[in-house]
Amino acid sequence: MPSHSSLGSALRLLEGPQTLGKGPAFWSGFVVVLALACIYPLFADGYDVGNNVYFFNWAFMALGLSLIWGYGGALSFGQTAFFGVAGYAYGVLTINFGDAYGFTFVSLVLATLIAALFAAVLGYFLFFGRISGVFLGIVTLSVTLVLERFMSQTAGPEWHIGSARLNGFNGMGNMPSLTIPWPGGDVVLYPDVPLYYLTLALLVLVYLALRMVVNSRFGNVLVAIRENPQRAEMLGYDIRRYQLGGFVVGSALAGLSGVLYTAWGNYITPSSMGMTQAALPIVWVAVGGRSDLTTTLLGTLLVLAGFQALTIYGSQYALVAMGFLLVVTVPAAPSGIIIGIGSLFSRGLKRRKAREAR
Amino acid sequence: MAILQTRGLDKWFGGLHVTDNVDFSMQPGEVHCLIGPNGAGKSTFFRLVLGEHLPNGGAILYDGADITRAKSYQRIRRGISVKFQVPGIFKALKVRQNLQIALQDHLSGHSLNEEIDRLLEFLKLKDAAGQLAGSLSHGQKQWLEIGMAIALKPKLLLLDEPTAGMTPDETHATGEMVQALNADGVSVLAVEHDMAFVRQIAQRVTVLHFGRVFAQGTIDEIVADERVAAIYLGETGHA
Amino acid sequence: MRREVLLETIGLWSGYGGKPVLQGVDLDILEGQIVAVIGRNGVGKSTLMKSLIGLLPCDRGSVLFRGETLDAVPAHRRARLGIGYVPQGRDVFPRMSVAENLLVGRSIDAGGRGETSVAERLEQVYGYFPILKERRNQRAGTLSGGQQQQLAIGRVLIGAPSLILLDEPSEGIQPNIVQDIARIMVELNEKTGITVVFVEQNLDMIRAMAQRCYVMDKGRITAEIGADVLEDRDAVRRYLAV
Amino acid sequence: MDFLSSLFSFAYQAGDAFAFLVLSACGLAVIFGMMGVINLAHGEFILCGAYVSTSATHLGVPLPVSILLGTLVAGAVGMLLERAIIRHLYDRPLDTIVVTWGVSMIATQGTLILLGSTMQGTGTPFGSIEVGGYGYSVYRLVLMAAAVATLAVLWLIFTRTRFGILARATIQVPHIAEALGVNTSLVYSLTFGLGAGLAGLCGGLYAPTMTLVPTMGSAFVVEAFVTVVVGGADIFLGTAPAAAILAVVKAALTSWEGQLAGQIGLLVAVIIVIRVLPRGLTGFILRERA
Amino acid sequence: EEKGPIKMGVLEDQSGDFAVATIGKVHGIQLAADEINAAGGIDGRKLELDIYDTQSDNRRYQEFMRRVLQRDKVDVVFAGFSSASREAYRPIVDQFKGLAFYNNQYEGGVCDANMIVTGAVPEQQFSTLIPYMMEKFGKNVYTIAADYNFGQISAEWVRDIVKENGGTMAGEEFIPLGVSQFSQTIQNIQKAKPDFLVTLLVGTAQASYYEQAVSANLHVPMASSVNVGQGYEHKRFKPPSLANMYVTTNWIEEVDNPASKAFVEKWHKKFPDEPYINQEAENSYIAVYLYKQMVERAHSTDHDAIRKVIAEGDVCMDAPEGHVCIDPKSQHMSHTIYLAKVNEDHSISFPKVWDDIKPYWLGEVGCDLTKENPEAQYTPSDNPKKSGG
Ligand SMILES: Nc1ncnc2c1ncn2[C@@H]1O[C@H](COP(=O)(O)OP(=O)(O)OP(=O)(O)O)[C@@H](O)[C@H]1O
Ligand SMILES: Nc1ncnc2c1ncn2[C@@H]1O[C@H](COP(=O)(O)OP(=O)(O)OP(=O)(O)O)[C@@H](O)[C@H]1O
Ligand SMILES: NC(N)=O
Ligand SMILES: [Mg+2]
Ligand SMILES: [Mg+2]
C-alpha cells in the first residue's frame, strides 16, 4: 500500500510548476507523438532511422544542460568534457574487455558513471569554491579545452590504456557497437531499428524522470537557487549540494550522450571536446527554450535536423543561413522557438476565431 | 541562556571599522530592536549573525552554541530566519511557489497547500498568488519576504526594516504580527527607523553608532537620551 | 503671481504587459508646489512615477509638461527638460563611486539651465548630506541603505531640476535625516521655486513637506487633500488606511 | 651579459604574450565587461579589422592609416550590429551567446563566399634587432607598445571622460541612467562600437604577422575570453593584471616545456586563479583596496 | 547490364578551417567528371556527383557518409581532408562495405581494403627530401611539427631518415593545432642553429610561423612535405617569407611539363577564380580517372570486382604529374615526386624530380590487402612487423 501511494506521488511530479504541459491535452499529445515515433521505422529507410538515432544521441546532453543551466542557472560551457570522457571511457572499456556477455552495456553504465564522477569532482571544486556566473562558464570551458588539447597530442603508441590506443587527434576507433547477448549469436546494435527503439526508450525514460526531478522538492530548490542563491541559502538549503547534484546529473547525461555517440559511430575524437562543439549544446538549448525540458528536447531535435538539412541542401550558403536563423529567431522568441512557434500558432488561432466570430 | 549573544564582535571593510567590539545579548522570547543612524552597521550586524560575512574577531553564540564559523544554511536550520533590508525573493517564480519553497521542508501535500493559503491571506497577497514575484510592488515584495521568513517557523526572527514603505496602519499590523509570533515563543530582533513601530514592539532597544553599542535600554529610556536624540532621532523623534 | 500648471496628466492609463495598473489618472501640479501622492501598497504610486518620467509608456491618456505633451518623448529627454526622478529602492550605480554617481545626474542639466555651476551644486549636495562627501570614493553598492537613499536624492539635485519626483524618499532613512530631507526640500522650494511630487507613507514627512496631497487607490486618484486637512494627522492616516 | 640577454629574451616573450592577450581582450573587455554581452563574434571583428587594413595596405595606404581604417570600419560595423540586433537582448544577456555565434557564422562564411578562402599578407614592417645573438622582430615591440597605449587610453576614456561615467552608469542600471537624462541607446551603440573597434584594432595590428583567412578570428577568442574573465568585473583593474599573470605563466611554460605546456598551462592557470579568486582579480583587488 | 548512372559521393570541406586547401579538390572531381561525361561516361554510364559540404567538422563526415552509402546508395565516395575526418568516416565505410577514395597526402598507414589512397605518404616525400637537404645544407636538422598524428608520425620519419643518413636532430618541437604565435619557437630555432629546418605545420593558424620567422630575421633553409603543396603559403604570404623552402610534392600548379600546363589551362578555363590548384586537387582529379579505369576493366562497380582489378597490379595512368600506379598491397598510389624550391620572389623552381616513387612502407610492414583486410591504420611504431618480431 505505501509503495503504491509513493508511486502515485512520484507520478504526480510528472506535472508541476517547473514543466510546461499538463492535463489530458498535453499527455494525449505526448502519447500521440510517442506512438508516431514508435511506428516511424516502419515507414522510414535505414538511413533515416539511423540518422534519427544520431539526433537522439545529442538530446541527452541538451536535457542535462537544461537541468544545469535552464533550471539551476549555472551556465556550463564545458558539457562536452563529460561527453568526451564518457565516450573515451566506453572505447577503452570495450576495446579492452570486448563486447561479449553484454559487456557493452556494462561499459555504457560504467562510462556514464565515470563522467558523473568526474563531474562530481569538478563540481565540488566549482560549487564549494563558490564559483558562479561567467566564471563557471570559463572554468568549464577551460577544462574541456585542456582535455581536447591533451588528447590531440596522444597520437604516439605510448598513449594507451590497456590495449586501447588513444590515437590523438585522429580519434579512437574500433570500439564495438552496443551488443545484446543472444543465444543464437549476439545482436549488434548498428544504427538501425533495434538501436532506434533502445535509444528512444532511454530518451523517453530520461525525459520523464527529469520531469519528476524538476518538479520535486529538489527541483524547487534548484530554480530557487537560479533566482536568488542568497535567499535560497537563507531558507536553510545548502545550495552548494543542490547545485552539485544538478551538475552531476546533467553531466552524467552529457556522458550518456558521449557513450551513445561513440557506440553509434564506433569513433570518438578530441574535437568533440573543442570550442565549436562546446558551443553547440548551448545553442540547441537556448534556441529551444532552456527553462523547460520539453522545449529543450523539441528545440534540440529541431535545430539538429534543421541545420543538417540546411547543410545538405544549402551547400556553402548553409552556414550563412544557419547564422541568419539564429540571429532572427532568438531576439524574436524570448522564451525559445518552441514557445515562440506555439504562441504564434495560438495567436493565429485566436485571430481566426475572432474573424469567424465576426 | 541567551538566545543570541555576541562577544567582542569585530568587522572591518578595508579601513572601515563597521562592527566594533560589539557585545550584544538577547533573551529567548524577547523582542529586541536595533536602531541607529544610517551606516551604523545594523545590517552588517545581521549579516554577521547570518554568516553572510565572517567576523574579523569575536564570537557569535546562538542558543548556547558557538556559530561564529557555521555556514549560513546551518544557522537557518538551527532556527534563525531573516527578512533582509532589500527584499530578496525568487523573481521569476510565482508568489505561491516562493512560499512553497520556504515551506516544503516542513510540510507536504495537503497541509502544505493549506499553510500556503493561510500565509497568502495573512500577507494580503491572495490576489497576487499567481503573479510572478518580480512583478509585485515594492511593499508587496516586502510582505512576501516577511512571509518566507516566518514560514520557516524560526526561533529567532531577524527583521531588517520590515515596515519600510508601509502605511501607518500596515506598520501597526506588522507590529501586531510580531507580537503574535512573540506570543508563540519566537524571539525577534528588528532593525527599524520607524519609532512608532519600535515603541509598539520593542521590549528592549540597542542603539548602534559607528559600529559600537551606543546605548541600550527600554524605548522610553532611549527616547529620553539626549545623546541618541542628537545623533539619531532629531527634534520630533519622540513618536 | 499666477502659477502655471507645470505637470498634468489627463486620463492616464498604463501598466505592465497588457495588465492595466493606472486606470485614468488625472492630476495637475502647479509650478512651485510640493504635492504628495499617498496610498496603500500596490495601488500604483510607483507606476505613476514611472509613467511620468517615461520609463513606462502610457497606454492611453497623456502627460503634459509646461503644456506640451510628453507622449513621444523618451525618458532621457524628459529628464533633460528638468525632471529629476528618485526611484523607490534607490537604484544607485553600485560599482561606481559616490562622486561618479553624483556626476551622472549632471545629464539632467544637459542644456545648462542651472544658474549655479556644477561644482557649486556638488558642494551644496555635500552640504546637505555630509556622509556623501566623507564617502565620495566608496563604491555606492557598499553604502548602507540610508546612505544610498541620500545619494539617490543628491544625484538629481546636481542636475538642478525644476521638478523632482521622489518615490518614498524617507524609506530606510534615520529619523533626523528624514527631517533634514523634508527641510531641505522645503528650503529649496522656497529658494528656487522647485516643484516636488513625492510618494510617501511617513506621516511626519508628508505633513512637513506637502502643500497638497493626492490619494490613490486601485490605479485612480480617489481624493485630493488640501493644506487644511494635512494639518490633521489622524485624517491623513485615515486616507492611508482606506 | 648572458644573463642580461636571457632576461631580455624572457621579457620579450612575456611581453609578446602580454600584448597578444591585452589586444585580443580589450574589445571583449569593453563589450563583455561593460555590457555583459558575451560576444562570440569578437573574432570576426578582429577579422574585419585585419581584412580592411590589409586591403588598404595593398592599395598603397600607409600601415598606420590602414590599421586606423580597420579599427574604424570594425567599430562602425559594431555600432550597426548593436542597433540592429544586440539592443533587443540586453535584458537576457546569455542569449547574446547564441545570436553572436550566428553573426560569427554569417561573417566567417560570408567572407569566404565573397572574398575567397584567403587574402595575401602584406609582410611585417620594421625588420629585426639583434640582442645577445638572437634576432627579434621589431614589430613585436610595436605591438607591446600598442597594448600598453590601448590600456592607457581606455583607462582615460572610462575614468576621466564624461562618456566613461555615463557608459558605466548605463550599463549598471540602464533605466535609471535613462531617467537621469542619459541617452542610453546612444551610449550602448558607442560602447559596443568601441569594443568592436578595439577588436578591429587588434586585427589590424596582427594582420601583417598572420595568415589571413576567414577563420582567423578563432585564434584570438579563447585567449580573449579567459583574460577578461580572469580579470573580473572591472576591465581596468582586471584585464591588465590578468593579461600580465597569464602572459608570464604562458611564456615561462612555453620556454620551459614547449607550446603544448604553454597552452595547457594557460588554461590551468585560469582554472586555478578563478578557484582561488572566485570573483576574478577585480574582486580581489577591490577587497584589498577598500 | 545495369545502365543507370554511376553515383559518386563527394564529402569535402567547402567551409571552415580547411576550406583553403579543399575547395579545389571538389573542383578537380567536377572537372574530371565533366570531361568523362562529355566523352561518353564510364563504360557508357554517366557519372553523377552527390556533393556535400562537410564544413571541416568530423561529425558531418559521419552524418553524410551514412547518407551517401545508405540513402544515395552511391557506388564510390571521395572523401576527406584531415586524417581525423577520415578516421571518423572509415568505420561507416567498413560497416557498409563501401569504397572510399582518400585523395590526400597524409601520415600513411591505412591498411583497409575499402579505402584507396591517392595522396602521397611519408616514405615518398621524406625518403627523397631529407637526404637531398642533408647533402645540400648539412646534417643538423630541426623539426617543428603540428602536434597530432600527422605531425608526430611525419616527424618520426624525418628523425629515422636523418639518423640513417648519419645526421643529428638539433631539435624537435611540436605545436598544438590552432597556435598562431611563434616567438618562442623562433628563438629556440635560433638557439639550436640547425643546418635546415623541417616544417610540418598544418592549418591556417600555424602557417603564420613563416611571416613571424622572417620578421625576427630567422633565415634558415626549410623543408616540408605539407606546406606549399597543400596550403600554397608562397601565394598567401608576402615574399620573401618562404624563400629557401624546399618541398617534395607530387604536383603543384607550377610544374613545368606539357601535360601539367594543359591541365592547369583547362582548369582555369572552368574555374577562373581558383586561387591556386594544389597537390590534392590534382590527386582528386586523377582519382576519378583511376576509378573510371577500374570500373571499365571490372565491367562493374562491384567492389570485389574492382579489387580484383587492383590486384592485377597495373592500374596506372599518365597524370599531369607523370605516370602513376595503384599498389595492390596497400591500395596507395605511386607518385612522381617534385622537389619544389621557393625562391626569394616566391617563384618556384624544381631542382630535382624523382619518377615513380612507390608507397612501399605498408607492404613492407605486412599489409597485403590482396590477402587480408585488417581495416586498421599502422604507424612506424605500431605495425604487424613490430608486434610480430
Ligand atoms: N561590502 C562593504 N564594503 C565596504 N563598506 C561597506 C560594505 N558593506 C557595508 N559597508 C559600510 O559599512 C557601514 C555599515 O553599513 P550597514 O549596511 O551595516 O549600515 P546600516 O546600519 O544597516 O544602515 P542603514 O540604516 O542605512 O541601512 C556603512 O558605512 C557602509 O558604507
Ligand atoms: N514590473 C511589473 N510587472 C508587472 N506588474 C507590476 C510590475 N510592477 C508593479 N506591478 C504591479 O502593479 C501594481 C502597482 O504597483 P506599484 O509598484 O505601482 O505600487 P505602489 O503603489 O508603488 O506600491 P508600494 O507602496 O508597495 O510601493 C501592483 O499590483 C504590482 O503587482
Ligand atoms: N592528412 C593531413 N594532412 O592531415
Ligand atoms: Mg541597513
Ligand atoms: Mg511603490
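Residue numbers (our numbering), protein chains in the order written: chain G, -1 to 356; chain L, 6 to 244; chain D, 110 to 351; chain X, 1070 to 1359; chain U, 295 to 683.
Ideal Cβ placement from N, Cα and C applies to all residues, glycine included.
- Per DSSP, the continuous beta strand (DSSP E) segment holding S171/D begins and ends at R169 to F174.
- In the DSSP assignment, no residue is bridged to L196/G.
- For P385/U, the secondary structure class from DSSP, reduced to helix, strand or coil, is helix.
- Cβ contact annotation for D190/G (same chain, cutoff 7 Å, sequence separation greater than five): G44, V47 and G48, in chain order.
- Leaving aside the five residues that flank W122/D on each side, the residues in its chain whose CB is nearer than 7 Å to its CB run, in chain order, P129, L131, Q132, G133, C167, D168, R169 and G170.
- G1264/X is a Cβ neighbour of F1114/X, given a cutoff of 9 Å.
- CA-to-CA, the gap between K146/L and Y67/L works out to about 29 Å.
- In this structure, the beta-carbon distance from V218/L to I40/L does not fall below 9 Å.
- Secondary structure in the stretch 128 to 174 of chain L: the alpha helix (DSSP H) runs of 4 residues or longer, each lying completely within the stretch, are 143 to 156 in chain order.
- Per the coordinates, the alpha-carbon of G1105/X lies some 6 Å from the alpha-carbon of P1162/X.
- The beta carbon of N298/D sits closer than 6 Å to the beta carbons of I143 from its chain, once the five residues preceding and following it are set aside; these are given in chain order.
- Within the stretch 437 to 467 of chain U, no beta strand (DSSP E) run of at least 3 residues lies entirely inside it.
- Around the beta-carbon of D1085/X, 16 or more other beta-carbon atoms lie within 10 Å, marking it buried.
- For D165/L, the shortest separation between its Cβ and any heavy atom of ligand 4 lies below 8 Å.
- Taken atom to atom, the span from the alpha-carbon of V1222/X to that of G217/G is near 48 Å.
- Bridge partners of N434/U according to DSSP: T462/U.
- Of the residues assessed, W180/G falls on the exposed side of the cut-off, its CB having fewer than 16 other CB atoms within 10 angstroms.
- A1125/X is classed as buried because its beta carbon has at least 16 other beta carbons within 10 Å across all chains shown.
- No Cβ of chain L is located within less than 9 Å of the beta carbon of Q132/D.
- In the same chain as C619/U, and ignoring 5 residues on each side of it, the C-beta atoms closer than 6 Å to its own belong to C610 and S628, in chain order.
- Near ligand 2, residues with a Cβ at less than 5 Å from any of the ligand's heavy atoms are S140/L, L141/L, S142/L, H143/L, G144/L, Y125/D, V130/D, N150/D, G151/D, V152/D, G153/D, K154/D, S155/D and T156/D; the list follows chain order.
- In this structure, ligand 5 has a non-hydrogen atom nearer than 8 Å to the beta-carbon of E277/D.
- Residues of the stretch 275 to 309 of chain G whose Cβ lies closer than 7 Å to any Cβ of chain U, in chain order: Q306 and T309.
- When DSSP states are grouped into helix, strand and coil, E1199/X belongs to the strand group.
- For R101/L, the enclosing alpha helix (DSSP H) has its first and last residue at V100 to L108.
- Interface annotation, D311/U: in contact with chain X, CB-CB separation under 9 Å.
- For R365/U, the residues of chain G that pass the 8 Å Cβ criterion are D43, Y45 and D46, in the order they occur in the chain.
- Three or more beta-carbon pairs separated by less than 8 Å link the stretch 259 to 268 of chain D to the stretch 189 to 208 of chain D, which places the two stretches in contact.
- Residues of the stretch 82 to 94 of chain L with a C-beta atom less than 8 Å from some C-beta of chain D are Q90 and V91, listed in chain order.
- Interface with chain D (9 Å Cβ-Cβ cutoff): K129/L is included.
- For L1220/X, the CB contacts under 8 Å within the same chain, skipping 5 residues up- and downstream, are V1091, C1095, F1305, T1308 and A1309 in chain order.
- Taking 9 Å as the cut-off, the beta carbon of Y632/U is found closer than this to the beta carbon of V549/U.
- Distances between the C-beta of K300/D and the heavy atoms of ligand 4 are all 8 Å or more.
- Selection A1216/X, M1285/X and G1352/X evaluated against M1188/X yields M1285/X as nearest (Cα-Cα).
- Assignment of R128/G by DSSP, reduced to helix, strand and coil, places it in the coil class.
- Under DSSP, the beta-bridge partners assigned to H626/U are V411/U.
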